[in-house]
Structures are given as structure tokens and as C-alpha cells.
Amino acid sequence: MAGRGRLPSKEPVMKRFEVGARVIEPTYGLGSVVAVEDAYTRVQFDEHGIKKFLTSMSRLEPSDEPVPAGLRSGKPRKKRAPKKAVEEPEASSS
Numbered sequence: 013m014a015g016r017g018r019l020p021s022k023e024p025v026m027k028r029f030e031v032g033a034r035v036i037e038p039t040y041g042l043g044s045v046v047a048v049e050d051a052y053t054r055v056q057f058d059e060h061g062i063k064k065f066l067t068s069m070s071r072l073e074p075s076d077e078p079v080p081a082g083l084r085s086g087k088p089r090k091k092r093a094p095k096k097a098v099e100e101p102e103a104s105s106s
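Structural data, given as C-alpha cells:
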């Protein structure tokens, strides 16, 4: 019948994104997918850092927006210098 709407299927539709895909999320805005795991998708947002989403519950949508010029993908982190071991002076027996 033309006037009746169908109820949505109870099976969730899993959105799968490739690593590097640009996405938009209502709360965090634009970002790039950095990892896709079995049930999770990790996104590096332009203004909010990396967030991890349960893929089946996420509200991620594809976006055609490019990465802003000021943000570099794959930016290496600075490594900390190893802490120097503190030598304790030997106790001299008198």
C-alpha cells in the first residue's frame, strides 16, 4: 500500500570505512579514519584528537571535505629521552 511506511529492519547496518577516509560525526565534526578493527572505528578528528567508536552504534557519515592545510596526517610523536639511572653513592663502612 502506498500510504503505509515500512518499519526499519531491526538488523543494524554496519558502516565500514577505509583507513584514511574522511568522515563527519555530529559531536566532533570532521576527521580521518585511522584504524578499523572488528567492532571499532578510530577517528582522528581535526579539532578533538583521536576517538574510538563502536562501529555499530556510531553516527559517522562519509565526507568529501579535505584535510585542513594546517593538519598533517601521520605526524610523528616526539619520543621521550630515557631517564638516566641515578647512581646511589656506596655506603662506606667505618
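Residue numbers (the working numbering): 13 to 106. Note that CB positions come from ideal geometry on N, CA and C, so glycine has one too. This one's a predicted model, so the numbers in the text were calculated from it and none came from an experiment.
Beta-carbon within less than 7 Å of ARG71's beta-carbon, same chain only, minus the 5 sequence neighbours each way: which residues are those?
GLU37 and PRO38
Between PRO80 and the rest of its own chain, which residues show a CB-CB distance below 7 Å, the 5 nearest in sequence each way excluded?
ASP58
Along the chain, where does the beta strand (DSSP E) that runs through GLY61 open and close?
61–66
Based on Cα-Cα distance, which residue from GLY82, SER68, GLU77 and LYS96 lies nearest to GLY32?
GLU77
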